[in-house]
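Residues 14 to 555 in this note's numbering are what the sequence shown spells out, letter by letter.
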Amino acid sequence: MADKDRYIVAQEETGYGYFDAEGERELFQSKSQDDFPLTWRGDPAENCADWTVVVVTNELKAASYHVHKNIMCFGSRASKFFSRTMLNKTPSKKRSKRQQLSTTKVELNQQDADNFPLLLDFIYAPCGKMTSGGTVLTAASTLTSPSLLPVVNEDDGSSSYTVENISTNNAVSLRHLAKKFEIEALVLAVNKFIQRDLNFKTGPAYLCAASEYKDERLLESSRRLCAENFEQIDMRELIRLPLCLFRVVVRCLESFERDNKSLSCFLSEVVCRYLEKHQKEINGELLLELTDSLVMPYIAPEAAIGFTSLIKELKTENAEKHFHALSNLSRRCAQSVVKEYGWTDFSVSAAVDEYLGHSKDFKFDDHEGWRVDSLLFATSFAAALEQAQDDYEEVLVEQERLSCMVGALHQTVSMMEVLNSKKDEHMTKQQRAIDEAKKQILGLKDQISMISQQQLQRTSIYPALYEQTDTEIQMGSSLDFRHEKEHRDAPPPLLSYSEETWSPVKDLVSPCQVGLDVQQNKSRRKQELRTKAEMRSRSMLV
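As structure tokens, this is what we get:
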């Protein structure tokens, strides 16, 4: 028998063929069983709650929460505090056993009491529904990585759990509750949220909350963040800090570079605004601490004016006690103001009138602010004089530098003039030499032209001297060769020229060269005559 046939026979022999499992569906038409969440909210009778947590605040206000002992004591999100309380509680003689075992009373401040429902939501989050099979989804069966943010399924991108109303304002309170009731998963979840949320915008809020709850670890982290991002933090948030926290942040800036002028000026403005807002808390120690040169090497001009006014507002006893340190601070403020606005704007007469106006109606011993006014007047006047002296020295240095530059320029101009004069002399000599050479060349050309004309005249007057027969040419060919060789070997004959003719030539051409040129002209002429004679004889033969 086939397997399919056996399965059909088995179904016919059992209740599959006789009883429909979904026959009573009409009994549950209003809601399905999955729509009934397991929660601590609502009527405890309907939710089957078996324990009550009573939260009492400092204002003697109480709130009751009906919970399930199984959920509070077991699972990865369970509370060790409630587990010890609920499982180990013994009955009391004054109260009934049932009443004693089903109630736990805790005292919290108002902020923690307001956030206690969020703690319960976190514990109940993985246990909120019952499956269609009738089993409760417990924390141990569903929780793998607790988080206050939605747990996202990477396969379908859906979010299965979200705790609402978590924010910067209640995160530290939730962290405190998690540690108080020993819920390790909630501590880790809140820490992850704070890690993502802590920045230079939320740093002051976390700093205040950590100080309020004495959370040293979070206090150190937020303090370091505020110090390292001091310039990026909103000044209004810094001014709202309590004095103890503000002093802590300012002291952290001592470890920064002292050459950071922008940070120092920003700090001076923040400190000035803070002290102006909290004038009731100002004293000499606080003012000197927050304006210490190790923390604030540079003072912004506007802040310097504010510090000067704050010094004047100090009580006489306090000012007298720290007079030397206040003198240094006043001097720094005056130098900053004068350096920014210039010493020329400082009116000595106006300062004297203002100073005398405060003290003219009082005796020296009776006027409480007399010495402080003297301090401010002296430091302001000294700063103006010091800045004027510095400006004067800078002018002298600049004048000296310009004088050196002018002297160097004069020396360069003198050297250029000397070089130009030498250049002009050299050019004049060169021009004279060129003109003299031109004259000599022209005279030489005239002499050569004269010699050529004389040679032509001799040829035209005595033509017979330059004509030879064919026989004489043949007989004289060998003699001519020997004669030419002797002429080449023998020194050229001395030509007689007049002193007037020779004087312009002898500087450029040597006498030997002139004789050689004449001899070459004669040889060339003889060669031409011989060529003509040969051509004539050939024509006669023809």
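Beta carbons: idealized from backbone N, C-alpha and C, even for Gly.
Strand pairing of residue i, partner residues [DSSP]
i, result
"Lys-118", "Val-67"
"Ala-76", "Val-68"
Member of the options whose CA lies at the smallest distance from the CA of residue i
i, options, result
"Ile-318", "Gly-297, Glu-282, Asp-305", "Glu-282"
"Ser-277", "Ser-340, Leu-199, Leu-132, Ser-349", "Ser-349"
"Ala-138", "Ala-446, Glu-353, Leu-199", "Leu-199"
"Arg-54", "Ala-76, Val-68, Val-80, Trp-64", "Val-80"
"Lys-192", "Cys-265, Lys-93, Glu-449, Thr-116", "Lys-93"
"Glu-289", "Glu-315, Ser-268, Cys-265", "Glu-315"
"Gln-124", "Lys-328, Asn-182, Met-248", "Asn-182"
"Arg-188", "Phe-243, Ile-246, Phe-129, Lys-214", "Phe-129"
"Ser-180", "Phe-194, Leu-201, Ala-218, Glu-195", "Ala-218"
"Gln-245", "Lys-214, Cys-257, Asn-273, Leu-231", "Lys-214"
"Phe-135", "Gly-88, Thr-98, Ala-450, Val-119", "Gly-88"
"Leu-232", "Arg-249, Gln-443, Cys-265", "Cys-265"
"Ala-313", "Gln-292, Asp-56, Lys-352, Leu-415", "Lys-352"
"Phe-564", "Leu-190, Val-284, Pro-57", "Residue 564 is absent from the structure shown; the chain starts at 14 and stops at 555."
"Thr-472", "Glu-413, Ala-421, Arg-538", "Arg-538"
"Gln-467", "Asn-534, Val-203, Glu-547", "Asn-534"
"His-337", "Tyr-354, Leu-258, Ser-234, Leu-301", "Leu-301"
"Arg-230", "Ala-450, Asn-204, Arg-551, Asn-273", "Asn-204"
"Asp-247", "Val-263, Gly-216, Gly-456", "Gly-216"
"Lys-82", "Asn-273, Thr-544, Asn-101", "Asn-101"
Separation of residue j from residue i, as counted between CA atoms
i, j, result
"Asn-212", "Cys-346", "33 Å"
"Leu-303", "Arg-237", "18 Å"
"Arg-604", "Glu-197", "Only positions 14 to 555 of the chain appear in the structure, and residue 604 is not among them; the question remains open."
"Val-361", "Met-429", "With a pLDDT of only 49 at Val-361, under the threshold of 50, the placement of this residue in the model should not be trusted; the figure read from the coordinates follows. Using only the alpha carbons, I get a separation of about 53 Å."
"Arg-253", "Asn-71", "26 Å"
"Ser-306", "Ser-275", "14 Å"
"Gly-261", "Tyr-311", "One detail in the question is off: residue 261 reads as Val in this sequence, not Gly. Spanning the two alpha carbons is a distance of roughly 20 Å."
"Glu-556", "Leu-342", "No information on residue 556 is available, as it lies outside the stretch 14 to 555 that the chain covers here."
"Leu-339", "Leu-280", "19 Å"
"Glu-294", "Phe-320", "15 Å"
"Asp-228", "Ala-332", "38 Å"
"Asn-60", "Leu-220", "41 Å"
"Lys-142", "Leu-51", "In this predicted model, Lys-142 has a pLDDT of only 40, less than 50, meaning its place in the structure is not dependable enough to derive any value."
"Ser-536", "Ala-446", "36 Å"
"Thr-425", "Cys-417", "12 Å"
"Leu-542", "Gln-460", "25 Å"
"Lys-435", "Ser-427", "13 Å"
"Glu-120", "Arg-344", "55 Å"
"Asn-433", "Thr-441", "12 Å"
"Glu-250", "Ile-207", "19 Å"
"Gln-540", "Gln-453", "32 Å"
"Val-419", "Glu-411", "12 Å"
"Trp-64", "Ser-115", "5 Å"
"Ala-153", "Asn-122", "Annotation note: pLDDT 37 at Ala-153 (below 50); position unreliable, coordinate value reported separately. Roughly 31 Å between the two C-alpha positions."
"Val-284", "Ser-234", "22 Å"
"Ala-421", "Asp-437", "24 Å"
"Cys-86", "Met-99", "8 Å"
"Met-309", "Phe-194", "45 Å"
"Tyr-354", "Phe-243", "27 Å"
"Glu-547", "Leu-469", "22 Å"
"Leu-457", "His-423", "51 Å"
"Leu-455", "Arg-549", "40 Å"
"Lys-451", "Ile-464", "20 Å"
"Glu-406", "Leu-415", "14 Å"
"Lys-545", "Gln-444", "49 Å"
"Val-431", "Asp-448", "26 Å"
Nearest-angstrom Cβ-Cβ length linking residue i and residue j, presumed shorter than 8 Å
i, j, result
"Val-185", "Ala-223", "6 Å"
"Lys-334", "Gly-297", "6 Å"
"Tyr-78", "Leu-133", "6 Å"
"Val-69", "Thr-117", "Not quite, the Cβ-Cβ distance comes to about 11 Å (not below 8 Å), so this is no contact."
"Ala-126", "Ala-76", "7 Å"
"Leu-256", "His-291", "7 Å"
"Ala-226", "Phe-259", "Sequence inspection shows Tyr at residue 226; the Ala mentioned does not correspond to that position. No, Tyr-226 and Phe-259 are not in contact; Cβ-Cβ is about 19 Å, not under 8 Å."
**Message:** Suppose only complete runs of 3+ residues qualify. What are the beta strand (DSSP E) ranges in the region 400-479, listed by chain order?
**Reply:** Qualifying beta strand (DSSP E) stretches: none in this window.
**Asked** Considering only residues of the region 307-357, which uninterrupted alpha helix (DSSP H) runs meet the minimum length of 4 residues and lie entirely inside it, listed in chain order?
**Response** Counting only runs of 4 or more, we get 314-326, 329-334, 336-354.
**Request:** Please go through the region 234-268 and give each complete alpha helix (DSSP H) segment of 4 or more residues, from N-terminal end onward.
**Result:** Fully enclosed alpha helix (DSSP H) runs of 4 or longer: 248-252, 256-265.
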